[in-house]
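Keeping their order, the protein sequence lines are chains A and B. In this text, residue positions in the first sequence follow the numbering used here: the first is 102, and each later residue adds one. In this text, residue positions in the second sequence follow the numbering used here: the first is 6, and each later residue adds one. Built from N, CA and C at the ideal position, the CB exists for glycine as well. All values reported here derive from a predicted model rather than from experimental measurement. Here the structure comes first, spelled out in structure tokens, and everything after it is commentary.
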Amino acid sequence: MSAEVEKFVIEALDNMNYDVTGVTAETPLGPSGLDLESLSVAEIAIQVEDTYGVKFDEDEMESVALLTVGGLVKEIVQRASAATATK
Amino acid sequence: MSADTGRARPVVTGLGTFTPLGRGADKLFDALCRGASGLRRPPPGHLLDGTVGAAGIAPEIAAREVLPPSEGRLVDRYVLMAMAAADDAVADAGLTVGRDVDPHRVAVVISSGAGGLTTYEEQTRARAERGPTAVSPYLLPGMLPNMAAARIAIKYGARGWSSAIATACSAGAHAVAEAARLIRYGEADVVICGGAEAPLNPTSALAFAHARALASGWDDPERASRPFDRRRNGFVLAEGAGVLVVERAEHADARGAAGYADLVGWGATTDAYRPTAPRPDGEGAAHSMRGALATAGLTPADVGYVNAHGTATKLGDIAETKAVRAVFGDRSPAVSSTKSMTGHLLGGSGAVEAVVCALALTRGALPPTHNLDEVDPRCDLDHVRGAARRQRVEAVISNSFAFGGHNVSLLLATASTRKKHPATTSEKGSPA
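Now the structure itself:
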């Protein structure tokens, strides 16, 4: 699932007009990497929520912004499998 | 020429316009003096195709032309047009914030009548069609009425006063008046000011049409906007932006900047009468012109030209004529309405017309009212019509009146800076 989620996240960033050439799992979402502003993090969260049915709460946004692309993917995958396991 | 004592004098040092007559203030002024119309029938594929017969459509502009890629999502056209005009005005002024002026002494006042309604409507439709997650967090920073001001401040690092004044068709003029006040009362050294509007969507157009405000029944769109003409029947909706860099005159002189005009007076009043109709006697409008004369310390005889609000509505043009007559008596200054060629840019119009006035002073030319074939006897003034008039004037008034009864008159006079813009542009030569 990770590869699919990673592709989804990078496509979402591309759609948001971020330059995704050379972006890998190790690229930080924060200032030393993609430098997402808070609305972009919120936009990603909404799209992930819509597609994978996982939730990132308001108070988690700051910590999400500190992740790398791979770290975000891992979070999504973990939450998605936890959600599936509890069903 | 000012009765002012010891207060800072605001001077216009940069101009930018983005209108149905293209991008660039010189280009706009030359087109107006040629009597060229920017109005056309909305082409197939345009949002207004089939809704109105004439509109003032500005050039295309992509977000990447004025904003970094990651900041350009869902940014409404009104913001993009304002930013293009601001980029041109700041470049024209030769101003670098931080190098030429303390960032905290730079203010930004960019108004809009309604902000980004087209973008809001698109998101409303997306929500109805695709559900709650279709609504983007980018919506509000892309369309709120303060966002042109905010994004221009971000782009140029302007950290002083910033605001937007939402007074419908007087919004752009209110922004310029606010700029003059900020300079005059020492709250800023430089103000980037103006207005922008992007109203060319069917909902807005239908609202104006149903209010009986729009021109209708003209096969030739270039004939539709006819201020003061006997056959006028409303205004033509248009989009665009105008931005001026207004600066403390001593500040401009210290950095060797050339002035276009001094912004010496402003008057603002309210009709307190009806939501859309003007006071029939034009008293609110007359009072705003008198206010502009009073702040400038000038008399009516000093004013050589009035750029009229002149939207070509039946009542509005008559009320404005009465107001001009009340202020100037039998000696009418030269009058024209450039909305005959640009259409009515609503919250953008006051700023665009302030730019036209600054250039009229610089160039010594007064653009005509297009389509003024037969003057309505109730609109009898010294109309500039047929062709531009070559006339050197020392002081000019720009009028803007709005739904809600907001009246603003700006008074511009010959630049007092040591360095002045030449009467002709090097590339284009004589305007008339």
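Best match in the options for proximity to residue i [C-alpha to C-alpha]
i        : options                                : result
B/Leu482 : B/Lys424, B/Ala59, B/Gly19             : This structure does not reach residue 482 of chain B, given that chain B is present from 6 up to 437, and the question cannot be answered.
B/Arg260 : B/Asp105, B/Ala392, B/Pro73            : B/Asp105
B/Glu379 : B/Ala370, B/Pro372, B/Leu371, B/Val389 : B/Val389
A/Glu105 : A/Val149, A/Glu144, A/Leu168           : A/Val149
B/Val248 : B/Asp276, B/Ala171, B/Asp381, B/Asp97  : B/Asp97
B/Gly352 : B/Gly199, B/Ala297, B/Gln396, B/Met152 : B/Gly199
B/Tyr190 : B/Arg253, B/Gly177, B/Lys319           : B/Arg253
B/Glu51  : B/Val102, B/Asp92, B/Ala392, B/Thr123  : Reading off the sequence shown, one finds His at residue 51 of chain B, where the question assumed Glu. Cα-wise, what sits closest to B/His51 is B/Thr123.
B/Arg110 : B/Glu134, B/Val57, B/Ile197            : B/Ile197
B/Arg279 : B/His292, B/Thr24, B/Phe406, B/Thr129  : B/Phe406
B/Ser141 : A/Ser139, A/Val178, A/Gly172           : A/Ser139
B/Leu20  : B/Thr56, B/Val57, B/Leu44, B/Ala89     : B/Ala89
B/Gly162 : B/Val357, B/Val95, B/Glu255, B/Gly264  : B/Val95
B/Phe408 : B/Pro305, B/Asp194, B/Ala176, B/Ala359 : B/Ala176
B/Cys174 : B/Leu53, B/Ala262, B/Thr316, B/Gly99   : B/Thr316
B/Arg236 : B/Asn151, B/Val250, B/Ser221, B/Leu242 : B/Ser221
B/Asp92  : B/Ala131, B/His426, B/Arg156           : B/Arg156
B/Pro73  : B/His256, B/Ala63, B/Ile159            : B/Ile159
B/His215 : B/Val17, B/Val16, B/Thr56, B/Pro47     : B/Thr56
B/Ser293 : B/His256, B/Ile323, B/Tyr310, B/Ala331 : B/Ala331
B/Val340 : B/Thr374, B/Glu255, B/Leu364, B/Val357 : B/Thr374
B/Val250 : B/Thr208, B/Ala193, B/Gly289, B/Ala243 : B/Ala193
B/Arg425 : B/Ala363, B/Val401, B/Asp381           : Looking at the sequence provided, one finds Lys at residue 425 of chain B rather than Arg. For B/Lys425, the nearest C-alpha among the options comes from B/Ala363.
A/Lys156 : A/Glu163, A/Leu167, A/Glu176           : A/Glu176
B/Arg186 : B/Glu70, B/Pro15, B/Ala365             : B/Pro15
Proximity test, Cβ basis, 8 angstroms: residue i and chain B
i        : result
A/Ala143 : yes
A/Tyr153 : no
A/Asp160 : no
A/Asp120 : yes
A/Ile147 : yes
A/Glu150 : yes
A/Met117 : yes
Close-in-space but distant-in-sequence residues of the same chain around residue i (CB under 8 angstroms, 5 per side omitted)
i        : result
B/Thr326 : Phe233, Gly287, Arg383, Cys384, Asp385, Leu386
B/Gly434 : Reliability fails at B/Gly434, whose pLDDT of 40 lies under 50, so the model's placement of it is uncertain and no value is given.
A/Ile111 : Val121, Val124, Val170
Close-in-space but distant-in-sequence residues of the same chain around residue i (CB under 7 angstroms, 5 per side omitted)
i        : result
B/Ala68  : Gly77, Val80, Leu85
B/Asp258 : Thr422, Arg423
B/Ala218 : Gly239, Phe240, Thr318
B/Asn376 : Arg228, Ser230, Arg231, Asp234, Ser345
B/Ala41  : Leu26, Met346
Short CB-CB distance (under 8 angstroms) between residue i and chain A
i        : result
B/Gly309 : no
B/Tyr143 : yes
B/Gly77  : yes
B/Thr129 : no
B/Gly316 : Reading the sequence as shown, one finds Thr at residue 316 of chain B and not Gly. No, no contact with chain A.
B/Thr138 : yes
B/Pro146 : yes
B/Pro74  : yes
Other residues of its chain near residue i: CB distance less than 6 angstroms, five sequence neighbours each side excluded
i        : result
B/Gly321 : Pro283
B/Asn404 : Ala313, His314, Ser414
B/Ser7   : Caution is warranted here: a pLDDT of 44 is assigned to B/Ser7, below 50, making its placement in the model unreliable, and the coordinate value is therefore given only provisionally. Cβ neighbours of B/Ser7 beyond the five flanking positions: Val269, Gly302.
B/Glu432 : Unreliable positioning characterises B/Glu432 in this predicted model, as indicated by a pLDDT of 42, which lies under 50. A coordinate reading is not provided.
B/Gly120 : Met148, Leu149, Pro150
B/Thr172 : His179, Ala407, His411
B/Phe23  : Ala63, Met86, Ala89, Ala90, Gly245, Ala246
B/Ala437 : Note that B/Ala437 has pLDDT 39, beneath the 50 cutoff, so the model's placement of it is unreliable and no number is given.
Residue i classed as buried or exposed, judged by whether at least 16 other C-beta atoms fall within 10 angstroms
i        : result
B/Thr318 : buried
B/Arg336 : exposed
B/Gly245 : buried
B/Glu202 : buried
B/Gly43  : buried
A/Glu127 : exposed
A/Ala183 : exposed
B/Thr274 : buried
B/Gly136 : exposed
A/Gly154 : exposed
A/Ser133 : exposed
B/Met152 : buried
A/Leu167 : exposed
B/Ala400 : buried
Contact with chain C by residue i, beta-carbon distance below 8 angstroms
i        : result
A/Leu140 : Note that chain C does not occur in the displayed structure, where the protein chains are A and B.
So does the stretch 110–118 of chain B actually touch the stretch 164–178 of chain B, counting three or more Cβ pairs closer than 8 angstroms?
-> yes
Is the stretch 414–428 of chain B touching the stretch 292–303 of chain B, taking contact as three or more C-beta pairs under 8 angstroms?
-> Segments in contact, yes.
Contact the stretch 364–377 of chain B vs the stretch 390–402 of chain B: 3+ CB pairs below 8 angstroms | With a cut-off of 8 angstroms on Cβ pairs, the stretch 364–377 of chain B is in contact with the stretch 390–402 of chain B, counting three or more such pairs.
Do the stretch 34–44 of chain B and the stretch 328–347 of chain B touch if we need at least three Cβ pairs shorter than 8 angstroms?
-> yes
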